[in-house]
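Down below is the structure, laid out as structure tokens.
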Amino acid sequence: MAEQTQHIVGEHPDLQPPASTVGAYGWIRENLISTPINTFFTILAIYLIYLLVPPVLDWLIFSAAWVGTDNTVCKNETGGPIAAACWPFVVAWFKPFMFGFYPDSELWRIKLTYWIFGLGVLALVIPAVPFKKWVAVFLLIPYPVICYYMYAGGSFGLVAVETPLWGGLFLTLVIAITGIVASLPIGILLALGRRSNMPVVKAVCIAFIELWRGVPLISVLFMSSVMFPLFMPEGVNFDKLIRALVGVTLFSSAYMAEVVRGGLQAIPKGQYEGAQALGLNFGKMMFFIVMPQALKLVIPGIVNTFIGLFKDTTLVGVIGLFDFLGMVQAGSSNKDWLGYLTTGFAFAALVYWVFCFGMSQYSQHLERKLHTGH
Amino acid sequence: MSDSNVSADDLHAPTKEMTVGDDLVIEINGMHKWYGSFHVLKDINLKVNLGERIVVCGPSGSGKSTMIRCINRLEEHQQGQIVVGGIELSNDLKKIDEIRREVGMCFQHFNLFPHLSIMENLVLAPMWVRNIPRAQAEETAMKYLERVKIPEQAAKFPGQLSGGQQQRVAIARSLCMSPKIMLFDEPTSALDPEMIKEVLDVMIELAEEGMTMICVTHEMGFAKTVANRVIFMDGGEIIEENEPNSFFDNPQHERTQLFLSQILAH
Ligand SMILES: Nc1ncnc2c1ncn2[C@@H]1O[C@H](COP(=O)(O)OP(=O)(O)OP(=O)(O)O)[C@@H](O)[C@H]1O
Ligand SMILES: [Mg+2]
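Those protein sequences? They're chains A and B, same order as listed.
Heads up: the first sequence begins at 1 in the numbering used here, then just goes up one per residue.
Heads up: the second sequence begins at 1001 in the numbering used here, then just goes up one per residue.
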């Protein structure tokens, strides 16, 4: 106090903050040991990390078998599987994990679409790249069509590849991305329908949403694969994959509809009135004013649904499609690699996590970018 | 009621003679409106000529907002007739859109679009309702931003502006559609006292240029300076209607007298 009063009023110099609030010590004091309870939890957390992390790292890395082309490096003295990860298993089965039984000679088709997608996403993420709008439009509309022709073949001189050969992470991505891309627009329409003044439209939308939300995905898939053909006339036979795609899409669009409806409810009446007073009709008002704000509000919910959908695709295993996880299980029931299922699961967990974390990060990036200070 | 009436002397004094034409632009005949069973507007009759500046006042809940919102169909009336610019309001969506294009409206809470920059707020309707090319729409927008004295804010977002600036943007946004009529619903009552004047000054300039205006406000200074007619509403009815001098100096109805004594007591 006495020191501070020596300065002339109006000419107070900038002083350093007190030492106890800056630097490493300040940070620890502030965040880890500020109160007895805080200190207690800090110690507890350190203890839990000590209990969990070393054994996991040991299993995954230090005791794991790393190099080898067959299972010999993954066996202990008695000939059983070692008590740690067996990465040669993943290496040996890498191609089926990624692409299922897609013919080797045709793999370039898948890889090419991956590259296009990767470049497109880079163009969207790197701020300096121009034409972002067109890149996004390309990825949303022509790109899926191109992918369909590339994967299925049978035209443009490409050999046809039947869908039972599709599998692994490739199949997972096909199902997840189709579901994601299709469920958002369907969900938006359902949400608008549910808020509509027209009683019939409203009733149909509510019935649709509640029906799909009330049924587990696994039974939707069963129904689509076992029951659906029974109702179809003789000779009409939909591809199993298409049935799964339809099931997954309708299922997640019901969830999406409710997420979007939440966003719509948060838009103040004044926004509608402002738009109407300017003469915008219903469609333009929704497209330019209401939807952009509503969707922005519910980005976390939308991405949450996407992540859920991405992981739920593993359920297509029940109708005999070999998605990524199904392929991992198939690999570890191969006679050479019995007993390494855990390694396969660890690998699958890592891959799923990378994708889901990526989506979550992108959504946070979007939220920050779209924040306009209100 | 407003605690912060700007007195007529503080406001920008109109320099031009404000004239009223003979063309009828709004005609309301025997209009009634109910919210459920609540009779909110009772037998409203109002004729507005081109270039008129009408101030509507009255106690809270008297139906002022509801009445002017019926004019551009933000609210639906159940009985009677509303004709705007020769078009009668009905359930025909085309006619409603046609009327809304010609009638601008400013709200108490501005209702700017927070996800769009100021410039985008201004060009959206001209581009997508009037099909004006972007370059031309931006030029017009800039002209109106200059008129409301905030051209430098064009790239900002509404959330970054003060209340007074936002309301001026809202006025500019309506003007970009070149409306024939402007409706104002308490444009200054959400503003701090020092911002009220900047918004009222913009409105006075607008009046000078001959804009037809219907303005719900408690700013009696503004009414005295600009209005050529003041309408007093209470309980869903138009109780009294007069030119401002007679209205303020010699109110006829006892409810008007009570209202004026309350509002001018500040
Ligand atoms: N959507 C609605 N549903 C039912 N009643 C309503 C609705 N909107 C307004 N009202 C009622 O109608 C009456 C008139 O409302 P209005 O908003 O027109 O009043 P006002 O004169 O503008 O008042 P204020 O000065 O407070 O803005 C009020 O009693 C109000 O409670
Ligand atoms: Mg009101």
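For each residue, glycine too, the CB sits at the ideal point set by N, CA and C.
By the Cβ rule, the region 1130-1146 of chain B does not count as touching the region 1213-1224 of chain B, because fewer than three pairs are nearer than 8 Å. Collapsing the DSSP output to three states places P81 (chain A) in a strand. At a cut-off of 8 Å, the C-beta of P1133 (chain B) has no neighbouring C-beta in chain A. With 16 or more neighbouring CB atoms inside 10 Å of its own CB, H1077 (chain B) falls in the buried class. The beta carbons of I1068 (chain B) and V1084 (chain B) sit no closer together than 8 Å. Put simply, the backbone Cα of K75 (chain A) is about 32 Å away from that of F355 (chain A). DSSP places K1149 (chain B) outside both helix and strand once states are collapsed to three, so it counts as coil.
Against A1125 (chain B), the close residues of chain A are L278, G279 and L280, in the order they occur along the chain (beta-carbon pairs closer than 8 Å). Here R1073 (chain B) has L1089, I1096, I1099 and R1100 as same chain residues with Cβ atoms under 8 Å from its own Cβ, once five neighbours each way along the sequence are excluded. Cβ-Cβ distances below 6 Å link L341 (chain A) to S332 in the same chain, with the five nearest sequence neighbours on each side left out; the list follows chain order. In the structure shown, the three-state DSSP call for W66 (chain A) is coil. Contact note: D1097 (chain B) reaches chain A through G279 and N281, using a C-beta cutoff of 8 Å and chain order. Remark: C-beta atoms of L309 (chain A) and A257 (chain A) do not approach each other more closely than 8 Å. Within 7 Å of the CB of M1211 (chain B), no CB atom of chain A is found; the nearest one sits about 16 Å away. Annotation: Cβ neighbours of F1107 (chain B) in chain A (cutoff 9 Å, chain order): G270, E273, G274 and A277. In the DSSP assignment, T1212 (chain B) falls within the beta strand (DSSP E) that extends over T1212 to V1216. The Cβ atoms of F1107 (chain B) and G358 (chain A) lie no closer than 8 Å to each other.
Taking non-hydrogen atoms of ligand 1 into account, the C-beta of Y1035 (chain B) is found less than 7 Å away from one of them.
Exposure of V226 (chain A) is indicated by the presence of fewer than 16 other C-beta atoms within 10 angstroms of its C-beta. By the C-beta density criterion, M198 (chain A) is exposed, having fewer than 16 other C-beta atoms within 10 angstroms. The residues G193, in chain order, have a CB closer than 8 Å to that of V201 (chain A) in the same chain once the five nearest residues on each side in sequence are set aside. Cβ contact annotation for P103 (chain A) (same chain, cutoff 6 Å, sequence separation greater than five): none.
Contact check between the region 1194-1201 of chain B and the region 1028-1043 of chain B: fewer than three CB pairs, one atom from each, fall below 8 Å, which does not count as touching. With a contact defined as Cβ atoms closer than 8 Å, I206 (chain A) and V259 (chain A) miss out at about 16 Å. For R1053 (chain B), the secondary structure class from DSSP, reduced to helix, strand or coil, is strand. Between the region 1154-1167 of chain B and the region 1109-1122 of chain B there are three or more inter-stretch CB-CB distances shorter than 8 Å, so the stretches are counted as touching.
Membership of G1080 (chain B) in the beta strand (DSSP E) is indicated by the continuous run Q1079 to V1084.
If one requires a minimum length of 4 residues, the alpha helix (DSSP H) runs lying completely within the region 315-369 of chain A are 324-332, in chain order.
As the crow flies, the alpha-carbon of G1063 (chain B) is around 14 Å from that of L1046 (chain B). Residue range G23 to N31 is occupied by the alpha helix (DSSP H) that includes G26 (chain A).
For the region 1068-1091 of chain B, residues whose beta-carbon sits nearer than 9 Å to a beta-carbon of chain A comprise R1069, N1072, R1073 and L1074.
For the region 289-305 of chain A, the set of positions with a beta-carbon nearer than 7 Å to some beta-carbon of chain B reads I289, P292, Q293 and K296 in chain order.
Between L280 (chain A) and W1128 (chain B), the CB-CB gap stays under 8 Å. Interface flag for F1248 (chain B) against chain A is unset, since no Cβ pair is found closer than 8 Å.
Think of a sphere of 8 Å around the beta carbon of F1184 (chain B): no beta carbon from chain A falls inside it, the nearest being about 11 Å out.
Residue pairing from DSSP places V1048 (chain B) in a beta bridge opposite B:I1026.
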